Amino acid sequence: MVDLVITAANVAAGANATTRHGTAGETITAGQAVYLDQASTGEWLLADSDGASAAVRGGELVGIALNGASDGQPIKVQLDGDITIGATLTAGTTYYLSDAPGGICPIADLATGDYYVIVGIATSTSVLKLGFQYSGVAA
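Listed below in structure tokens is the structure:
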């Protein structure tokens, strides 16, 4: 699978971003897709399109980490709006949650068993308009 190659230092929330603060439950890098583990720890963990539960696959609250954090450290997560993702995008392309924890990829890179979870649509070569959509349907 070919995920976006994200430069963490270049990840930045847009002016219209909705963000949330919380605690990381594992090591997370800025630009990775995360979900809030509401069922047990209340911490942010890496999202994964072929994870064992719907929550991990983006079925609950999901976003993009705006800063790096280790387990137990504070993290800021963008839930929607424009984000400079720190990677080269193709304008007009829809990007999805990948099967690599925290990864983002185009639809062509989803494999059998991966769930279709839209992360957002590229509005330019650097900006992604976040709009998470969990389909509940596997490839």
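With the first letter of the sequence shown counted as 1, position 131 gets the number 898 in this note's numbering; the numbers rise by one all the way through. All residues carry an ideal CB built from backbone N, CA and C; glycine is no exception. Values in this document were obtained by computation on a predicted structure and should not be read as measured data.
DSSP lists T786, I831 as the bridge partner or partners of Q845.
A806: not part of any beta strand (DSSP E); DSSP gives it neither H nor E. Shown here, A800 sits in a strand according to DSSP, grouped into three states. A direct Cα-Cα distance of roughly 34 Å separates T879 from G839.
Rounded to whole angstroms, the separation of the alpha carbons of Q845 and I795 is 14 Å. According to the DSSP assignment, A775 belongs to no beta strand (DSSP E), since it is labelled neither H nor E.
Boundaries of the beta strand (DSSP E) harbouring G887: 882-889, taken from the DSSP string.
For G887, same chain residues with a beta-carbon under 7 Å away, outside a window of 5 residues either side, are Y862, L895, K896, L897, G898 in chain order. Per DSSP, reduced to three states, the secondary structure at A819 is coil, with no helix or strand assignment. Between the stretch 869-879 and the stretch 820-829, the count of C-beta pairs closer than 8 Å stays below three; the two stretches do not touch. Residue range 894-905 is occupied by the beta strand (DSSP E) that includes A905. Beta bridge pairing from DSSP links L864 with I871.
Rounded to the nearest whole angstrom, the CA to CA distance from Y901 to I831 is 15 Å. Membership of L812 in the beta strand (DSSP E) is indicated by the continuous run 811-813.
Between V884 and the set A779, S891, V801, N777, the nearest pair of CA atoms involves V801.
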